[in-house]
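Residue numbers (our numbering): -18 to 447.
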């Protein structure tokens, strides 16, 4: 698909990421000499995608006037430290919740990158003689100085002729859809859209009239299993505990860990799982507790259930305590990041307990192509971890219905709430099949003009551009 010709000052949208994959969300809006970046995430999964993180940013970072971040997950926020380090000097607009979470997540991301580089150098499993992290903790701390939190629904002029509004999107704390108004035109970016039936988070706000819609499509070709995830989790815990095994649950520290804890807490309250030790091994997840307490209006939990949920596990913070978990043995439950087994402490637990058929690895959400989680779902029984091949003999359980993303029917249902059809819909943030299936449904069921853009493609924002 070729870029359309443009007048010099014609508002345009360029897809710098998430146009052919489910990660790396980066959308550039250009108008009247101004450049606004909506999301600035890391590419994850296949190496060909991860290599984009190391490539020069497609435009000069110092030419960007402002950044708007939909939510704190790293595929939407994780490149910000590199963008600031390389020259961006403007404001980074987010919701209050997203700003608080990024203060936890970005330094943690940088720490893991530094640690990975040290491990690679010490273990000599990098192809580079002197492996360097993508960015450092100091870069993350500098990026945080540029954050400018705003309230939901509070319209802000963020550049000459560009107005921004954040709309609740569900999904995780602070998550927003981003609405930009430029020259009389409105562009709505979904970010990651939550579910109307999420047990933890409130549903996303209905879609208001917009001229251009940029929608995610993570689950664009599938439906969440109607089976109750709580029942599936309970069955797994009882089965593994009965044979003295360890249940390892890879879970993102923000969003998924809280959902898993909520289900475990309710199961324990009903005496439907045995009283085995539960550990949350993620310093970041521990830090997130207070963010939930400060934003009760964004989630469904009352204060009593929130406190009961967090009293359930032992919260592990130190490296020494993390190592001891690998010597303890079962029965027990370990919840640890990252959710797609891309890095973090969970890899040490995977190496320690994944080799034993008495144990189980429970995957609780979307697994992007090229990640270890996707490999396990695809039947792989050997994973490369810290430079060595680890045989996986543990039971692999997939509870996909615990995802915090709207599925295909829920995305279409949300779009039906719009009072009028947009001129153009661009389907992003999905694997190629998922994006194209959702595009076809939008076209045939809603009769809207929908397309899947190409990586780095530029399209006009005026008129019917799809």
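All residues carry an ideal CB built from backbone N, CA and C; glycine is no exception.
Residue i versus residue j - alpha carbon distance
| i | j | result |
| --- | --- | --- |
| residue 195 | residue -1 | 11 Å |
| residue 410 | residue 392 | 13 Å |
| residue 83 | residue 384 | 21 Å |
| residue 376 | residue 227 | 10 Å |
| residue 156 | residue 319 | 19 Å |
| residue -17 | residue 404 | Residue placement at residue -17 cannot be trusted, given a pLDDT of 40 that sits under 50; what the coordinates show is reported in the next sentence. So the two alpha carbons sit approximately 19 Å from each other. |
| residue 127 | residue 310 | 45 Å |
| residue 206 | residue 123 | 42 Å |
| residue 354 | residue 329 | 15 Å |
| residue 275 | residue 260 | 24 Å |
| residue 448 | residue 295 | Given a span of -18 to 447 for the chain in the structure shown, any question on residue 448 remains unanswerable. |
| residue 197 | residue 381 | 18 Å |
| residue 54 | residue 235 | 8 Å |
| residue 238 | residue 422 | 32 Å |
| residue 368 | residue 408 | 36 Å |
| residue 419 | residue 442 | 21 Å |
| residue 345 | residue 211 | 11 Å |
| residue 93 | residue 416 | 31 Å |
| residue 137 | residue 49 | 11 Å |
| residue 140 | residue 247 | 47 Å |
Start and end residues, alpha helix (DSSP H) containing residue i
| i | result |
| --- | --- |
| residue 396 | 389 to 396 |
| residue 211 | 210 to 223 |
| residue 334 | 327 to 334 |
| residue 239 | 237 to 250 |
| residue 353 | 353 to 358 |
| residue 413 | 413 to 422 |
| residue 29 | 28 to 35 |
Residue i - partner residues in DSSP beta bridges
| i | result |
| --- | --- |
| residue 315 | 229, 260 |
| residue 12 | 15 |
| residue 47 | 17, 72 |
| residue 169 | 160, 194 |
| residue 350 | Looking at the DSSP assignment, residue 350 forms no beta bridge with any residue, so it has no partner. |
| residue 137 | 145 |
| residue -2 | 7 |
| residue 65 | Residue 65 is not bridged to any residue. |
| residue 433 | Residue 433 is not bridged to any residue. |
| residue 441 | -7 |
| residue 200 | 388 |
| residue 280 | 182 |
Simplified DSSP assignment, three categories, for residue i
| i | result |
| --- | --- |
| residue 289 | helix |
| residue 268 | helix |
| residue 453 | Nothing about residue 453 can be read from this structure; the chain reaches only from -18 to 447. |
| residue -7 | strand |
| residue 100 | helix |
| residue 129 | strand |
| residue 59 | coil |
| residue 41 | coil |
| residue 183 | coil |
| residue 405 | strand |
| residue 273 | helix |
| residue 342 | strand |
| residue 410 | coil |
| residue 425 | helix |
| residue 189 | coil |
| residue 23 | coil |
| residue 450 | Residue 450 lies beyond the stretch modelled for the chain, which goes from -18 to 447, so this question has no answer here. |
| residue 254 | coil |
| residue 124 | helix |
Sequence-distant residues of its chain with Cβ nearer than 7 Å to residue i (five each side left out)
| i | result |
| --- | --- |
| residue 143 | 12, 15, 17, 161, 163 |
| residue 272 | 78, 81, 82, 154 |
| residue 253 | 215 |
Other residues of its chain near residue i: CB distance less than 6 Å, five sequence neighbours each side excluded
| i | result |
| --- | --- |
| residue 45 | 16, 18, 69 |
| residue 89 | 265 |
| residue 447 | Residue confidence for residue 447 is low, a pLDDT of 42 falling below 50, so the modelled location carries little weight; the figure read from the coordinates is stated next. For residue 447, where only same-chain residues beyond five positions count, the Cβ hits under 6 Å are 405, 430, 432. |
| residue 51 | 20, 57, 157, 159, 172 |
| residue 399 | 188 |
| residue 31 | 24 |
| residue 332 | 366, 371 |
| residue 268 | 85 |
Limits of the unbroken beta strand (DSSP E) element including residue i
| i | result |
| --- | --- |
| residue 370 | 369 to 372 |
| residue 365 | 363 to 366 |
| residue 305 | Not the beta strand (DSSP E): residue 305 falls in the alpha helix (DSSP H), residues 300 to 309. |
| residue 295 | 295 to 297 |
| residue 376 | 376 to 379 |
Contact set for residue i: own chain, Cβ-Cβ below 8 Å, skip 5 residues either direction
| i | result |
| --- | --- |
| residue 221 | 227, 228, 311, 312, 339, 340, 341, 376 |
| residue 437 | -5, -4, -3, 0, 39 |
| residue 349 | 2, 3, 4, 25, 26, 321, 355, 412 |
Closer than 7 Å: residue i CB and nearest the ligand GDP heavy atom
| i | result |
| --- | --- |
| residue 126 | No copy of the ligand GDP occurs in the structure displayed, which carries no ligand at all. |
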